[in-house]
């Protein structure tokens, strides 16, 4: 019996969450204001990195740098 479209998509998503080296990924869906989406696109073009790499770099920076405006444990409300 053929797989339904939903079943094919589920299999694809499961495969897509593993890279060839066996590392696991999580799926992150975010809605950004247009201004920040545009900034992210500009960063991608300027750096040659993927959106995923830029987000990972930002998380790494903010979680490791004591000088960062936001570090782990702080909650900022706007």
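Numbering (the numbering used here), first residue to last: 749 to 826.
The beta-carbon is built from N, C-alpha and C at its ideal position, and this holds for glycine as well.
Because the structure is a prediction, the values reported are computed rather than measured.
Coarse secondary structure for residue i, derived from DSSP in three states
i, result
"residue 799", "helix"
"residue 791", "helix"
"residue 826", "For residue 826, the predicted structure reports a pLDDT of 44, less than 50, and the residue's modelled location is therefore unreliable. A value from the coordinates is still provided. Residue 826 falls in the coil class under three-state DSSP."
CA-to-CA distance, residue j to residue i, given in whole angstroms
i, j, result
"residue 791", "residue 797", "8 Å"
"residue 786", "residue 803", "14 Å"
"residue 779", "residue 794", "22 Å"
"residue 762", "residue 810", "29 Å"
"residue 770", "residue 760", "15 Å"
"residue 782", "residue 789", "10 Å"
"residue 752", "residue 813", "47 Å"
"residue 808", "residue 754", "35 Å"
"residue 784", "residue 750", "42 Å"
"residue 758", "residue 768", "18 Å"
Cβ of residue i within 8 Å of any chain C Cβ
i, result
"residue 806", "Here chain C cannot be found, since the structure has a single protein chain."
Among the options, nearest to residue i - alpha-carbon criterion
i, options, result
"residue 773", "801, 753 and 789", "801"
Contact belief for residue i with residue j at Cβ below 8 Å, rounded distance in angstroms
i, j, result
"residue 765", "residue 775", "7 Å"
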